[in-house]
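Enquirer: The sequence shown: position 342 = 337 (my numbering), numbered continuously.
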Amino acid sequence: MKCKKIIAGLFIYVGFASSVFSQTTGKIVDANQHPVEGATIVMQLPDSTYLGATISAADGTFTLEPEPENYQLIIQHLLYKTRQVKGQARDAGVITLESKDYNLEEVVIEGERPFVTVEQGKLNYDISAISEKHIVNNAYEAICKLPGVQDRNGKLSLVGAKDVTVILNGKASTLTQEQLIEMLKNTSASQVQTAEVMYNTPPEYHVRGAAINIVTAKADDNTIQSELSTSYSNQYFSSYSGNVNFLMTKGKSSLNVSYNPGYSHIMTVMDLASQHTYDGKVYDITQTQKINTKGWKHNIYAEYGYQINEDNELSVGYNGALSDNGKGTIDVNGNFQNSHNDKLQDSRLHNVFARYSSGFGLDLGVDYTDYTMNDKNRLESKLTDNTRQLLDYTSDQKIRKFSVYADQSHALANDWTLKYGVRYDYTDNKNAQFFNQTEGKDDVGNSSSRLYEQITNFYGGFDKEFENGLSLSLSATGEYYSIGNYHKWAVYPQASLTYSPSEKHTFMLGVSSEKDYPTYWDMQTSTTYMNAYEELQTIEGLRPANVYSVNANYLFLQKYMLSLFYERTNDYFTMDMYQAKDRLALVYRTQNWDYYQSFGMSANVPFNIGEWLSSQVNATVVNDRNRCDNFWDIPFDRKKWACMLAMQNHFSVGSNLGFDLDAMYRSSMISGISDTKPVFTVNVGAQWNFLKDKASLSLNCADLFDTMRMKVRNRYAGQHIDLNMGQYSRTVSVKFVYRFGGSISKEKKEVDSSRFGR
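1. Can we say the stretch 361 to 368 touches the stretch 476 to 488, given the rule of at least three CB pairs closer than 8 angstroms?
2. Quickly, what does DSSP pair Y512 with across the bridge? List them, please.
3. Quick check on the DSSP output: what are the complete alpha helix (DSSP H) runs of length 4 or more inside the stretch 114 to 146, in order along the chain?
4. From the DSSP secondary-structure annotation, give me the bridge partner or partners of V277.
5. Is it true that the stretch 607 to 618 meets the stretch 630 to 650, where meeting means three or more beta-carbon pairs spaced less than 8 angstroms apart?
6. Could you check how far apart the C-beta atoms of Y366 and I394 are, in whole angstroms? I think they sit under 8 angstroms.
7. How big is the Cα-Cα spacing for T112 and N195?
8. With a threshold of 6 angstroms on Cβ separation, who are the neighbours of Y475 within its own chain once the five nearest residues in sequence on each side are excluded?
9. Could you say if the stretch 368 to 375 and the stretch 417 to 424 meet the contact criterion of at least three C-beta pairs nearer than 8 angstroms?
10. Y660: which of T671, G649, L531 and F675 sits nearest, CA to CA?
11. Quick one: what does DSSP say E222 is sitting in, helix, strand or coil?
12. Look at the alpha carbon of I668 and the alpha carbon of T522, and state the distance between them as a whole number of angstroms.
13. Less than 8 angstroms between C-beta atoms, sequence neighbours within five positions excluded: which residues of the same chain meet that for W683?
14. How many angstroms separate the CA atom of E498 from the CA atom of L223?
15. Near E460, which residues of its chain fall below 6 angstroms by C-beta distance, leaving aside the five closest residues on each side in sequence?
16. On the CB-based measure, 16 or more other CB atoms within 10 Å of its CB, does V161 come out buried or exposed?
17. Going by DSSP, what residue range makes up the beta strand (DSSP E) through G312?
18. When you compare each of I50, L686, G680 and S390 to D216 by their alpha carbons, which one comes out closest?
19. Mapping the DSSP letters down to three states, classify E448 as helix, strand or coil.
20. Going by the CB atoms, is the gap between F654 and A697 shorter than 8 angstroms?
21. So, with DSSP's three-state summary, where would you put F735?
22. For the stretch 56 to 68 and the stretch 21 to 40, state whether three or more C-beta atom pairs, one from each stretch, are separated by less than 8 angstroms.
23. According to DSSP, simplified to helix, strand and coil, what is D517?
24. Leaving aside the five residues before and after T225 along the sequence, list all residues of the same chain whose C-beta is less than 6 angstroms from its C-beta, in chain order.
25. Mark G106 as exposed unless 16 or more other C-beta atoms lie within 10 angstroms of its C-beta, in which case mark it buried.
26. Of the choices F457, A658, Q714 and A34, whose alpha-carbon is the least far from that of H645?
27. Using three-state DSSP, classify L699 as helix, strand or coil.
28. Kindly indicate which residue of D517, M518 and T412 has the alpha-carbon position closest to the one of S470.
29. Please state the DSSP three-state secondary structure of N541.
30. Taking only the alpha-carbon atoms, compute the straight-line gap between K81 and Q71 and give it to the nearest angstrom.
31. Can you give me the C-alpha to C-alpha distance between K0 and S318, rounded to a whole angstrom?
32. Please find out if some non-hydrogen atom of the ligand MN comes closer than 7 angstroms to the beta-carbon of Q67.
33. Mind checking who F461 pairs with in its DSSP beta bridge?
34. With 16 other CB atoms within 10 Å as the buried threshold, where does L718 fall?
35. V131: which of T244, K180 and Q28 sits nearest, CA to CA?
36. By the 10 Å Cβ neighbour count, where 16 or more other Cβ atoms means buried, how is R734 classified, buried or exposed?
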């Protein structure tokens, strides 16, 4: 009922505000009904009196504030013939421009938008062009269409990089992967201008390693924009979500508000076969585990911006993520046990922030985050020997985090740029696990810990643009890290070189180093019992990982790309499973390895067939090496070659209907002492745009043949485990979007919770 009142109130407010700010709107397209970006639209009275002017956005739409009874529009663009249109209505409709042909005798030269451009070591992709050639309902889906970028089990991956961070308008990500994906799914793809892929992220972003910077379009002055969407998906159970965005700009002020409620109900099934050697005997343990989770999530965002003058801007805001009464059950049935676990989880995240940008190269920012999580479990197990176990326990986490940063840049003579800055993070983290009732289980006890973490980063560097097409960037970041009794200084150098002798050829080389931190929960000792056989362990003393990488890219004709990459991560940390020698227990523990190493090559080839097919093929070959000399009592040093093939196809049927057909294959890979079997998947989709592109209806089916099932096999040093994960991976979804005068185009700030939770 409250949700309905909120949505109804927004409808009333939008209707009232629209009457205050009367506008004339329309859309510019070419002969193939593709949006025309950057067209100049001049509004005049019939007697040629000037009224106003604007420029069409990436999706071809434009907005003019005056609304005279009669008017004429003059549309101009360098690549199209000038057109004059007379009108009377508020909606000028869809205006088609005729392209200019540059004739040289019998040769006709037609302009083609480059697939990718290079600027200061960044690969810039035109998201509007990608949106035209693929079905994308939001910013996250658009990112997944970039070459080498994939959604892998709910996390973004980039070929040639172990991890990748998403940045919005140059601001570092401060969300967990789950929260980040949720936020990007609630951001309209039509309002994303470009995506900048950086294998060596400059230090002023306060992100080291690989990153993708999403650059959004700017909102026009004195406008009101809003977007409503609703979606339904089914993956064994049904899930629902809604999205309400509202943006108003008036004079020097702007207000951006969004509310995203969602209900999810997910079923995950895992089949386990374990031949466990204990006390001189082999136990053949088989079981099926069904994880059933459901609950509501609410994301709230509000930001107020004030343009002090042309060069100075101030913004303040709030970001909240609330999950109440999340319920779940874990049922395990097999020849060793039958168990049932009732779970109840709540989490709340509140963040307030402020930032200031000056006209003389100074950027300041500060934020404070408050996060709480409460997880209740009641696990009842009955073993095949009629032994009964009962564990009733609660896990809590409370985090208070404060961050402040300052960045400064100076433009020097001869195209030199000097940059330097500092960032300080302070975290107070409390973890606790208390058992209310224990029966039939030994060595179970309460635990609690409190960690104080401080990270101070300061950097300096310079950029240089040479006239021969060469650009250079050098920097170094110093870091002081402190947590408990652990203190460490470190320096992380970084260099990137770009050479473009002509528009046909571009060469890029980058060298970087970074540090990767574990979650706060993983940095303290605890044991979580999944059932009578499986348990999750974390151990105190987990170390951050040091990552060193080298990337080389060659870009031909601004379309075809060949990449070489090498990465080594010392003290790499991850979760592995191990059959305990002293009891019948399968232990999942997060711990440090000696190192993880990978090198390989990737090629990306886009091509079109007429106006009806747009395709892209990506092939990757990689060699992985995993080494850990203190992995329980079975050290390992393993390496393996692997490959991945991916193809994306978009079929256009007219200007308003499109179909997608994507496929992906990944060969067998290694992860510690385990091997994953090959997997492949096929995704299909269709989208219909109507009401002059103000509305869209899309239908998608991910993993059409239900084949994206991860199968893990372990036969190392006496271990014998088969784990089949991911049944019911096929997902069917429907989404409806309706825009009022254009979509939200303001950036949403992300909250630093990448290390929160379990």
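Note that CB positions come from ideal geometry on N, CA and C, so glycine has one too.
Bear in mind the structure is a predicted one, so any value in this text is a computation, not a measurement.
Expert: Per the coordinate set shown:
1. Contact check between the stretch 361 to 368 and the stretch 476 to 488: fewer than three CB pairs, one atom from each, fall below 8 angstroms, which does not count as touching.
2. Here residue 512 corresponds to residue number 517 of the sequence shown, with the count starting at 1. According to DSSP, Y512 bridges with nothing at all.
3. Qualifying alpha helix (DSSP H) stretches, in chain order: 122 to 128 and 134 to 139.
4. If you number the sequence shown from 1, residue 277 lands on position 282. Looking at the DSSP assignment, V277 forms a beta bridge with T272.
5. Touching, yes, given that three or more Cβ pairs across the two stretches are closer than 8 angstroms.
6. Taking the first residue of the sequence shown as position 1, residue 366 is located at position 371. Taking the first residue of the sequence shown as position 1, residue 394 is located at position 399. Right, their Cβ atoms sit about 4 angstroms apart.
7. To locate residue 112, count along the sequence shown from 1; it is residue 117. To locate residue 195, count along the sequence shown from 1; it is residue 200. About 16 angstroms.
8. The sequence position of residue 475 within the sequence shown is 480, counting from 1. Taking C-beta separations shorter than 6 angstroms and ignoring five residues to either side along the sequence, the partners of Y475 in its chain run T451 and W484, following chain order.
9. At 8 angstroms Cβ cutoff, the stretches do not touch.
10. Residue mapping note: residue 660 aligns to position 665 of the sequence shown, counting from 1. It is F675 whose Cα lies nearest to the Cα of Y660.
11. In the sequence shown, counting from the first residue as 1, residue 222 sits at position 227. Strand, per DSSP.
12. For this step, residue 668 is matched to residue 673 along the sequence shown. For this step, residue 522 is matched to residue 527 along the sequence shown. About 22 angstroms.
13. For the purposes of this step, residue 683 is taken as residue 688 along the sequence shown, with counting starting at 1. If we look at W683 and ignore the five residues flanking it on each side, its Cβ neighbours are N651, L652, S691, L692 and S693.
14. Within the sequence shown, numbered from 1, the residue matching residue 498 stands at position 503. Within the sequence shown, numbered from 1, the residue matching residue 223 stands at position 228. Their Cα atoms are separated by approximately 42 angstroms.
15. Residue numbering aside, residue 460 sits at position 465 when the sequence shown is read from its first letter. Taking C-beta separations shorter than 6 angstroms and ignoring five residues to either side along the sequence, the partners of E460 in its chain run D410 and S466, following chain order.
16. To locate residue 161, count along the sequence shown from 1; it is residue 166. Buried is the call here.
17. Here residue 312 is taken as the residue at index 317 of the sequence shown, counted from 1. According to the DSSP assignment, G312 belongs to the beta strand (DSSP E) that extends over E308 to G329.
18. Counting from 1 along the sequence shown, the entry for residue 216 is found at position 221. The residue with the shortest Cα to Cα distance from D216 is I50.
19. Indexing the sequence shown from 1 puts residue 448 at position 453. Here DSSP, grouped into helix, strand and coil, assigns E448 to strand.
20. Along the sequence shown, one-based indexing puts residue 697 at 702. Along the sequence shown, one-based indexing puts residue 654 at 659. Not a contact, by the Cβ cut-off of 8 angstroms.
21. Taking the first residue of the sequence shown as position 1, residue 735 is located at position 740. In the structure shown, F735 adopts extended strand secondary structure according to DSSP, grouped into three states.
22. Result yes; three or more Cβ-Cβ pairs closer than 8 angstroms.
23. Counting from 1 along the sequence shown, the entry for residue 517 is found at position 522. In the three-state reduction of the DSSP assignment, D517 falls in the helix class.
24. If you number the sequence shown from 1, residue 225 lands on position 230. Answer for T225: G237 and F731, listed in chain order.
25. Within the sequence shown, the letter at position 111 stands for residue 106. For G106, the predicted structure reports a pLDDT of 48, less than 50, and the residue's modelled location is therefore unreliable. A value from the coordinates is still provided. G106 sits exposed, since fewer than 16 C-beta atoms from the chains shown fall within 10 Å of its C-beta.
26. Within the sequence shown, numbered from 1, the residue matching residue 645 stands at position 650. Of F457, A658, Q714 and A34, the residue nearest in Cα terms is A658.
27. Within the sequence shown, numbered from 1, the residue matching residue 699 stands at position 704. Coil at L699, not helix or strand.
28. Residue 470 sits at position 475 when you count from the first residue of the sequence shown. The shortest Cα separation from S470 among D517, M518 and T412 belongs to T412.
29. Locating residue 541 in the sequence shown gives position 546, where the first residue counts as 1. Collapsing the DSSP output to three states places N541 in a strand.
30. Counting from one through the sequence shown, the residue named residue 81 turns up at place 86. Counting from one through the sequence shown, the residue named residue 71 turns up at place 76. For K81 and Q71, the distance between alpha carbons rounds to 15 angstroms.
31. Walking along the sequence shown from the start, residue 0 turns up at place 5. Walking along the sequence shown from the start, residue 318 turns up at place 323. Its pLDDT being 44, under 50, K0 is placed unreliably by the model, and the measurement read from it follows with that caveat. Taking the Cα positions, K0 is about 20 angstroms away from S318.
32. Absence of the ligand MN from the depicted structure is noted, as is the absence of any ligand whatsoever, leaving it without description.
33. Mapped onto the sequence shown, residue 461 falls at position 466. Paired residue(s): none; F461 is not in a bridge.
34. Here residue 718 refers to the residue found at position 723 when the sequence shown is read from its first residue. With 16 or more Cβ atoms within 10 Å of its Cβ, L718 is classed as buried.
35. On the sequence shown, residue 131 is found 136 positions in, with the first residue counted as 1. Ranked by how close their Cα comes to the Cα of V131, the residues T244, K180 and Q28 have K180 in first place.
36. Numbered from 1 along the sequence shown, position 739 holds the residue referred to as residue 734. Label assigned to R734: buried.
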